[in-house]
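Sequence lines, in order, name chains A, B and C. In terms of this note's numbering, the first sequence opens at residue 111 and continues consecutively. In terms of this note's numbering, the second sequence opens at residue 416 and continues consecutively. In terms of this note's numbering, the third sequence opens at residue 12 and continues consecutively. Accompanying notes for the structure given below.
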Amino acid sequence: MKTWIEKQKALIDFTLSSLARRKVKNLGMLLVYTLIVFLLASVMLFTHALRREAAEVLKNSPEVIVQRMVAGRHDLIPPGYLEKLGRIRGVQKKEGRLWGYYYDGVVKANYTLMAPSAEAPAAQKVADGKIVIGAAMARARGLATGNLISFRSYSGRLFSFTVADVLPHAAELISADLILMSEADYRAFFDIPAGYYTDIALSVANPQEVRNIAAKLAEALPDSRPILRDEVLRTYESIFNWREGIVLVLLAGSIFAFAIFAWEKASGLSAEEKREIGILKAIGWETGDVIKMKFWEGALISLTAFLLGYVAAYVHVFRFSSMLFEPVLKGWAVLYPRFELTPVVDGFQVATLFFFTVFPYTVATIVPIWRAAITDPDAVMRG
Amino acid sequence: MLSRNSHRAFVFLVVSLALFLLTFADASSHRAERDAALESNARLVAQLGLTDLCLFTEARYTRHPSQADLHSAFQDHPTGLEHFPSGALLPPPRALAASYENLDRKTKSAD
Amino acid sequence: MIKLTNIRKAYNQGRDNEFWALNGIDLNIEPRRVTALCGPSGSGKSTLLTIVGCLARPTSGRVHLKERDLSGLPERFLTDVRRSTFGFIFQQFNLIKGLTARDNVMLPAYPLGGDWRALHARAEGLLDTLRLGHRLSSRVEWLSGGEQQRVAIARALINDPEVVIADEPTANLDTALSREFLTILENLKQQGKTILLTSHDPLVIESSVVDTVVTLRDGRLVEGK
C-alpha cells in the first residue's frame with residue numbers, strides 16, 4: 111500500500127512538473143475550464159433556487175383565478191358575474207380582485223397597481239390618498255415614507271398620493287414594482303365603475319376538487335378562463351428548469367468551443383510528447399505507468415476546475431445575488447428586484463455537474479495516450 | 416511538507432474540497448436565516464393574492480406570466496419568437512396553454 | 012552474465028521490406044567487464060543492444076540472464092527485469108526537456124514507488140559524484156553536451172543496475188569529453204558494473220578500459236579481441 115501511494119505521488123510529481131513547463135498555456139486552460147464550470151454551476155444553482163423560491167412563496171396564492179375573455183383578450187369582470195359563480199359547489203370564498211398596470215413615463219418603468227381586497231388584514235389596508243410601494247419602485251423614484259407623488263391617469267387627470275409605507279426589501283422578489291392603494295383610489299385612477307373587477311380569486315376547500323370546479327366554471331361561463339394555482343406552480347417549475355433558457359443555449363457555444371479546445375489539448379499528442387513517452391518506456395516505465403501518469407493529469411486539472419468553479423458559483427449566486435445574470439434577466443425592464451435567494455443545493459445536480467465536467471476531460475486525456483503508450487520501448491533507439 | 420509537487424497538489428485539493436463542503440454548511444445555515452423572510456413573503460402573497468414573481472417588469476405578459484392574455488403579441492404560438500430578452504428566458508406557460516386548448520375543444524359551436 | 016544463443020531479428024517480417032538485422036548471433040557477455048560492439052552503421056549493433064537490454068525481443072533465439080531464460084517472459088516481467096537489471100545511456104541522451112537535471116535522474120525510479128527522500132538523496136549523490144552538484148536544479152536543455160551526458164549516466168545508474176548499456180556514448184562528444192567519459196566508465200567497472208556499449212569511435216575501442224571488442228557486419232559476428 112505504501113509503495114502504491116509513493117508511486118502515485120511520484121507520478122503526480124512528474125505530471126505536475128510536466129505541466130509546469132508550459133505554465134501560461136496550462137494555467138490559461140485551467141482558468142477557462144474553471145470559468146465554464148462556474149457559469150454552468152451558476153445557472154444551475156440560480157435557476158434551482160429560484161424555482162424553489164417560487165414554489166415556496168406562491169403556494170399561498172389563490173387556488174383559482176377566473177378571468178373573463180372578450181374577443182380572446184382578458185377583460186373586466188362585469189357586475190353580476192360574481193353572483194353567477196356562487197352556485198358552484200366547493201367554492202369556499204370568492205372575491206373580485208383589482209389590479210392593473212401603469213406605465214410611468216418619468217423613469218420609463220411599468221408598475222403593478224393593486225387594491226388589497228376588502229377582506230385583507232388591517233396591516234395591508236391602505237387609506238384613501240395613500241399608497242404603499244414596492245422597494246424597487248421606491249428606489250427608481252427615490253421615494254421614502256411620507257413623500258408625495260403624482261401620477262397622470264389614463265383619463266388625463268393628475269392624482270397625488272402620499273407614500274404611507276415601503277414594502278420590505280426582503281419581499282422584493284414578489285413585490286418590487288407594486289403600488290398598493292385603496293379600492294376607491296384605484297377605481298378613480300383607472301375609471302373603473304363600482305361592481306367591475308379585474309378578475310376573481312376563488313378559494314376552494316378541498317384541493318382535490320379544484321379541477322372539477324374549473325371544468326364546471328368553463329361550462330357555466332364559457333367566456334371565463336380559470337387559471338389554477340397548481341398549473342402556475344408547475345409552470346414556474348418548468349420555466350426555471352435549468353436545462354431551458356437562453357443562458358444555457360448561449361453557453362452551449364462556449365462549452366463546445368472549450369470541448370474542442372480541451373480535446374485538442376488533451377488528445378492531440380505532439381511529436382515532442384510522443385518522444386517523451388518513448389523515453390519513459392525505454393527507461394523502464396510500463397504502459398500502465400504512462401497511462402496512470404496521464405490519468406492524474408486529467409483528474410487533477412478537472413477536479414481543480416470543478417471545485418474552484420463550483421465554489422465561485424456558489425459565492426456568486428448566494429453571496430453576490432447572481433450579479434452577472436442581472437443584465438440577462440433584467441432585459442428591457444427598468445425595475446429589477448434586488449433579492450437574495452435561499453440557498454438550495456441539490457446533491458444530484460452537483461453530482462451531474464461533476465460527472466459532466468470531470469469525467470469527459472479525464473477520459474479525453476487518457477484515451478489518446480493509449481496508442482502512444484503501447485509503442486515498443488526500443489523505438490527510441492531506432493529513431 | 417510543501418517541498419513536493421504532489422504534496423502541494425494534495426494540500427490544494429484538500430483546501431478546495433473543504434471550501435466545497437463549506438458551501439453545503441453555508442447553505443444550510445443561510446437557509447435557516449432566510450426562513451423568516453420566506454414565511455413573511457408567503458404571508459404577503461396570501462394577503463394580497465399575488466400570483467407571480469416580480470422578475471421581469473417590461474411587459475404585462477412577463478410581469479405576470481400566469482395571468483397573461485393567450486392572444487397577446489408573440490404569445491399565441493408556443494414557439495413564437497420574442498423580442499424581449501426575458502421572453503427568451505421565459506417561454507409561454509405551456510401548462511396554461513394546454514388547459515386553454517382543452518377548454519377550446521369543449522365549445523359546442525362550430526368554429 | 013548474459014548469454015545469447017542463435018539470435019535472429021527481423022524487421023517488417025512478412026512484408027516486402029523484410030530485413031534481417033541479426034543473423035544468428037552467439038555471444039556471452041562476461042560480468043564486471045566492458046564489452047564493446049563495433050561495426051559499420053547497419054551492422055546490427057544497436058539492434059543487438061536492444062535485445063540484450065530487453066527493449067526488444069529477438070525473432071528467434073534465446074537470451075539468458077544469469078541462467079534465467081528471458082525469451083518467453085511476458086511484457087510485464089520483461090519490464091521488471093529491464094528496470095532492475097539495466098541502465099541505459101542513449102546516443103541522443105534522451106533527456107526530458109523542461110525538467111531539471113535531478114528530476115530527469117529520478118525518472119526511472121518513479122514507477123517503483125520507493126521512498127522519495129532516499130531517492131532524492133540518491134539522485135543528488137549521483138549527480139555530485141559526476142561533478143554536477145551545482146546543476147541539480149537547472150533545466151537539462153541549459154546544460155552543455157558533456158553535462159547532459161553525465162545526467163544521462165546518472166539516470167542510468169539511479170536504480171543501481173548490474174548492467175549499463177550505452178549506445179554510441181561518445182558520438183556527440185569531443186575528444187576531451189570522450190576521455191572524461193572513459194574515466195567514468197573505468198570507475199563504473201571498478202564498482203563492479205557490467206558494461207555493454209556500441210561504438211565505432213577508435214578512442215573507445217582502443218581504450219584500455221574496454222576488455223572485449225565484438226565486431227559485427229551484416230548481422231553476424233566477425234571476430235573478437
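Yeah, the Cβ is synthetic: ideal placement off N, Cα and C, and Gly gets one too. These figures come from a predicted structure and were not determined experimentally.
One thing to note: residue 476 of chain A has its Cβ no nearer than 9 Å to the Cβ of residue 387 of chain A. For residue 285 of chain A, the residues of chain B that pass the 7 Å Cβ criterion are 459 and 469, in the order they occur in the chain. Between residue 153 of chain A and the set A/449, A/469 and A/420, the nearest pair of CA atoms involves A/420. Straight across, the Cα-Cα distance linking residue 126 of chain A with residue 109 of chain C is about 12 Å. C-alpha of residue 269 of chain A to C-alpha of residue 256 of chain A: approximately 16 Å in a straight line. Apart from sequence neighbours up to five positions away, the residues of its chain that approach residue 192 of chain A with a beta-carbon distance below 7 Å are 204, 206 and 310, ordered along the chain.
Neighbours of residue 440 of chain B in chain A, taken as residues whose beta carbon is under 9 Å from its own, are absent, since the nearest beta carbon is some 10 Å off. Within the segment 117 to 132 of chain A, the residues whose Cβ lies closer than 9 Å to some Cβ of chain C are 117, 118, 119, 120, 121, 123, 124, 127, 128, 130, 131 and 132, listed in chain order. Cβ-Cβ separation between residue 241 of chain A and residue 326 of chain A: approximately 38 Å, too far for a contact (criterion under 8 Å).
The beta carbon of residue 276 of chain A sits closer than 8 Å to the beta carbons of 242, 243, 244, 245, 248, 253, 254 and 255 from its chain, once the five residues preceding and following it are set aside; these are given in chain order. Take the alpha-carbon of residue 201 of chain C and the one of residue 133 of chain A: they are about 44 Å apart. Residue burial is scored here from C-beta neighbours: residue 230 of chain C has at least 16 other C-beta atoms within 10 angstroms and is therefore classed as buried. Among the bridge pairs identified by DSSP, residue 177 of chain A is matched with A/335.
For residue 34 of chain C, the uninterrupted beta strand (DSSP E) run begins and ends at 30 to 40, by DSSP. Excluding its 5 nearest sequence neighbours in each direction, residue 283 of chain A has C-beta neighbours in its own chain below 6 Å: 447 and 449, listed in chain order.
From the beta-carbon of residue 127 of chain C, the residues of chain A found nearer than 9 Å are 116, 119, 120 and 123. Contact between the segment 298 to 310 of chain A and the segment 462 to 474 of chain A is absent, with fewer than three C-beta pairs closer than 8 Å. At least one beta carbon of chain B lies nearer than 9 Å to the beta carbon of residue 341 of chain A.
Neighbours of residue 428 of chain A in chain B, taken as residues at a C-beta separation under 9 Å, are given in chain order as 438, 441, 442 and 445. The Cβ atoms of residue 370 of chain A and residue 146 of chain A do not sit closer than 9 Å to each other. Only residues of its own chain outside the window of five on either side were considered, and among them 136 and 407 have a CB closer than 7 Å to the CB of residue 129 of chain A, listed in chain order.
Chain-ordered listing is empty here: chain A has no CB closer than 8 Å to the CB of residue 418 of chain B, the nearest sitting near 11 Å. Fewer than three beta-carbon pairs drawn from the segment 334 to 344 of chain A and the segment 222 to 229 of chain A are found closer than 8 Å, and the two stretches are therefore not classed as touching.
Between the alpha carbons of residue 462 of chain A and residue 477 of chain B lies a distance of about 31 Å.
Of C/227, C/209, C/196 and C/210, the smallest CA-CA separation from residue 220 of chain C is found for C/196. In the structure shown, residue 101 of chain C falls within a coil segment according to DSSP collapsed to helix, strand and coil. Counting along the chain, the unbroken beta strand (DSSP E) around residue 288 of chain A starts and ends at 288 to 291. Listed along the chain, the chain B residues whose CB falls inside 7 Å of the CB of residue 227 of chain A are 464. Look at residue 202 of chain A here: in three-state DSSP terms it is strand. By the criterion of a C-beta distance shorter than 8 Å, residue 170 of chain C is surrounded in its chain by 94, 95, 98, 119, 120 and 123, once the five residues flanking it on both sides are discounted.
Listed by position along chain C, the residues whose Cβ is nearer than 7 Å to that of residue 113 of chain A are 124. In the three-state reduction of the DSSP assignment, residue 197 of chain A falls in the coil class.
In this structure residue 178 of chain A is buried. Its beta-carbon is surrounded by 16 or more other beta-carbon atoms within 10 angstroms.
Within the same chain, Cβ atoms closer than 8 Å to the Cβ of residue 131 of chain C are found at 113 and 117, the five residues on either side in sequence being excluded. Under the three-state reduction of DSSP output, residue 208 of chain A falls in the strand class. Residue ranges of uninterrupted alpha helix (DSSP H) with 4 or more members, entirely inside the segment 262 to 320 of chain A and ordered along the chain, are 282 to 285 and 293 to 300.
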